[in-house]
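Each residue of the sequence shown is one higher than the one before, starting from 0 at the first, in numbering that gives the first Met the number 0.
This report concerns only the one structure given below.
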Amino acid sequence: MFDIEKLNVALKNHLYEEASSAFVELMRVIEKNGHVPLSQSVFSSRSVDLKDEELIQHVAQSVHELFVNPEVQINIPGYDALMAWQITLSNLFYLAESPTPESAVESLLKQTNGIVSSANVLKLCLLFSTETRLTAKLEPILQSNPELLLNVCMSLVWGCSGTAQSCTNREWAYAQIPSLFEKLEAPNFPTYKIHGFFMHSSYGFAANKHALKLHLNQQLHKKIAAAQLQITPTAQNSYSAQANACIQKSINVHGQTKNHPGKFGVSQHHPLVYRVLGKSLLALKQNYTLGGGCWPGMCILMMIF
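As structure tokens, this is what we get:
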């Protein structure tokens, strides 16, 4: 159980590192207990008689206060957490009805005069739910901050739920990437993972997506040619061994290909596909040989040197 007052007390006393840590703990508790009502994982030691709806409202307001304080920097342990917490927050604000992610974004930008510091990049990324209507309104700010724009775009693409608004946002995101990709320097989101993510995103068949994939493939070919990679012995390359084993399973005794619901790594679930591609492209970056990989409904053959 997490006491939401731990977060509120830290904010009230300007203990911003403690507030950030409390937020991380809150997200982990909610995520772990997402299958049960919020009251079974979070409580308020100050207001002990809150009903479920009142508790949700209280927690949402506390999170809102943390987000709109420009002095609080949030630490997120990796991109997986960013995606999971974004969904968690989106659900929390939806259930609370007010405040909203949009009101938090607008309040934060108003307090900072529209200047997005590194301390607030991740907060804004977390607030950009797939249903947001702020993309066009905030485009000048996003365009002036490539790291923020990239993270927002990745969130909007990966989190697309299929609704009209989320699909509109996804199309907008696909269209933004080519213009910023070359100038982007985002040490927390390596380019090999970003390439894999956008080249093989599971969502949609839009024209913008295919144009983006062509653009990124061309860049990747240039990087491969410039890298002058050396062959890595197969015995030292676990990724290639996995890929080759997968490929062999897709070929029958007559040498003809066959459909095989294989897997690459440890998962057969689409949400983890980008991790597989990230590993494959990391292998390329580290001078490993690349192989092929399969998962349900899809099989790719990557470059083997």
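Heads up, the beta-carbon is just placed ideally off N, CA and C, and yes, glycines get one too.
Could you tell me if Thr-129 is buried or exposed, where buried requires 16 or more neighbouring beta carbons within 10 angstroms of its beta carbon?
Of the residues assessed, Thr-129 falls on the buried side of the cut-off, its CB having 16 or more other CB atoms within 10 angstroms.
Using 10 angstroms around the beta-carbon of Met-153, count the other beta-carbons present and answer buried if the total reaches 16, otherwise exposed.
So Met-153 counts as buried.
So Ser-43 and His-63 are supposed to be a Cβ contact under 8 Å. How far apart are they, rounded?
Not really, about 15 Å apart at Cβ, beyond 8 Å.
What did DSSP end up calling Asp-48 once you bin it into helix, strand or coil?
In the structure shown, Asp-48 sits in coil (DSSP, three-state: anything other than H, G, I, E or B).
Going by beta-carbon coordinates alone, are Thr-131 and Pro-100 separated by less than 8 Å?
It is a contact, given that the beta carbons lie within the stated cut-off.
How about Leu-141 and Val-156: are their beta carbons less than 8 Å apart?
No, these two residues do not count as a Cβ contact at 8 Å.
Can you name the residues that DSSP bridges to Val-41?
Checking the DSSP bridge columns, you'll see Val-41 partnered with Phe-1.
Quick one: using the 10 Å Cβ neighbour count with 16 as the cut-off for buried, is Phe-92 buried or exposed?
Buried: at least 16 other Cβ atoms inside 10 Å.
Any idea if Ala-163 is buried or exposed, counting beta-carbon neighbours within 10 angstroms, 16 or more meaning buried?
Residue environment analysis places Ala-163 among the exposed positions, since fewer than 16 neighbouring C-beta atoms fall within 10 angstroms of its C-beta.
Specify the secondary structure class of Ala-135 as computed by DSSP and reduced to three states.
Taken through DSSP and simplified to helix, strand or coil, Ala-135 comes out as coil.
Run the CB neighbour count on Glu-146, radius 10 Å, all protein chains shown included, and call it buried at 16 or more, exposed below.
Glu-146 comes out buried.
Whole angstroms is fine: what's the gap from Arg-169's alpha carbon to Gly-161's?
Taking the straight line joining both Cα atoms gives about 9 Å.
Please go through the same chain and pick out, in chain order, the residues whose beta-carbon is closer than 6 Å to the beta-carbon of Leu-271, but skip the five residues on each side of it.
With a pLDDT of 39 at Leu-271, under the threshold of 50, the modelled position of that residue is not reliable, and the figure given next carries that caveat. Within the same chain, Leu-271 has no close Cβ partners at all.
Return yes when the Cβ of Phe-1 is within less than 8 Å of the Cβ of Leu-37, no when it is not.
No; because the gap between Cβ atoms is not below 8 Å, this pair is not in contact.
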